[in-house]
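The sequence shown runs contiguously to residue 385 in the numbering used here.
Note sheet for the following structure.
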Amino acid sequence: MNTRQFSLTFPYAFGSPDITARFRESPEDFQVVEALDFDLSGDGEHLCLYIEKEGQNTRWVAHLLAEAFEVEDVAVGYCGLKDRRAVTRQWFSVHLPAGQDQQLSRLPQLDGCQILKMARHHKKLRRGMHAGNHFRIRLRQLMGDRQVLASRLETIAREGVPNYFGEQRFGREAGNLHEADKLLQQRSAERSQRRKKTRKGAGMGGLYLSAARSYLFNLVLAERVARHNWNIPMPDETIPSGPLWGRGRTQVPGDVRQLESQVLEEWQDWCHGLEFSGLSQERRPLVLHAEGFEWCWQSSVQGDDVDLELAFFLPPGCFATSVLREVANLQQSWSVAE
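Rendered as structure tokens:
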């Protein structure tokens, strides 16, 4: 079985930034507030908890809630994964029928977490059900020309950025992609042997398949960025978009299909494996607009340094780091994939 190497260095829309900055020196430098696009019903079998967490990842908090309420992990729902090295607020749901209200006495004291609100709802919270996330981010110890940076920020606000999947999707040292490669080569081999059973991605396998689809999308987007048409529709293209690979074909113009086929030619085992995994092909916009994109300069506690504070809103499945990479070269002492 071949071992692939994965580059996570993708081209910039506006050239590599001349500014450097320290990123997430503390969790308070990266704040995320989840926004639902519906009101909780106030009744139903699911207890919803609005939790502020710091230094904890979403899956771990969900597991701790399941333990505290003595339910299976699958009984706990949430709309999206939030960063660990951050201060985040998000909703969790626990399947807890009203007749079991006595279990509310078991409300857990979770390390690094605070329960801010509770409400009931008639449905489990699931991935992607939210409207998106509000971000407030502070970049510290900036080095470079502030006028050049201000012009770059105006360009980002006006034109958006490439809608890359963030590095954290791929795991530490691209570990999720290496696992995906093993899994997809196996499934591609099964397909070639004409085994009829279609497998569904689940558990860690689902995580690896998601990483693989994301990487293929990033490769296509990177080519469009290199050709300077990531934010310009190609002939007969309504809006610039790229593939989330799976079974079936979406209606895309011939020039777009040809470009994507060329980019993914050496990844056909992955494409076949994703199809054999039962995933349906979808499209994802190539352009990410950070809504309400604002910035201001803040005095730093580090002597004469000046910090840059950014605020914006992103829809589900989009990454703040894809915005930040166009702002500055980010320096950090820890892995984004942690």
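Note that CB positions come from ideal geometry on N, CA and C, so glycine has one too.
Note that the coordinates shown come from a computational prediction; the quantities given were computed from them, not determined experimentally.
- With fewer than 16 other Cβ atoms inside 10 Å of its own Cβ, Gly295 counts as exposed.
- For Arg136, the enclosing beta strand (DSSP E) stretches over residues 134 to 142.
- Nearest C-alpha to Tyr125 among Gln78, Thr297, Lys170: Lys170.
- Here Cys95 is buried. Its C-beta has 16 or more other C-beta atoms within 10 Å.
- Runs of the beta strand (DSSP E) lying entirely within the stretch 267 to 336 and spanning at least 3 residues, in chain order: 288 to 291, 329 to 332.
- With respect to the 8 Å criterion, Ala259 and Leu321 are classified as neighbours on the basis of their beta carbons.
- Just so you know, the alpha carbons of Gln52 and Arg271 end up roughly 22 Å apart.
- Excluding the 5 residues flanking it on each side, Gln188 has same chain C-beta neighbours closer than 7 Å at Ala68, Arg69, Gln349, Asp352, in chain order.
- Shown here, Gln379 sits in coil according to DSSP, grouped into three states, outside any helix or strand.
- Per DSSP, Leu55 lies in no beta strand (DSSP E) segment and is marked neither H nor E.
- Just measuring C-alpha positions, the residue of Gln194, Ile203, Ser369 sitting nearest Phe212 is Ser369.
- The DSSP-derived three-state label of Pro209 is strand.
- The beta carbon of Leu200 lies closer than 6 Å to those of Trp342 in the same chain, with the five residues before and after it left out.
- With a cutoff of 8 Å on beta-carbon distance, Glu373 and Tyr97 are scored as not near each other.
- The DSSP-derived three-state label of Ala145 is helix.
- The criterion of a C-beta distance shorter than 8 Å is not satisfied by Leu326 and Cys365.
- Shown here for Asp302: same chain residues with a beta carbon closer than 7 Å to its own, the five before and five after excluded, namely Met281, Pro282 in chain order.
- The stretch 214 to 231 makes no contact with the stretch 175 to 183; the number of CB pairs closer than 8 Å stays below 3.
- Judged by DSSP secondary structure, His110 falls outside any beta strand (DSSP E) and instead within the alpha helix (DSSP H) spanning 105 to 116.
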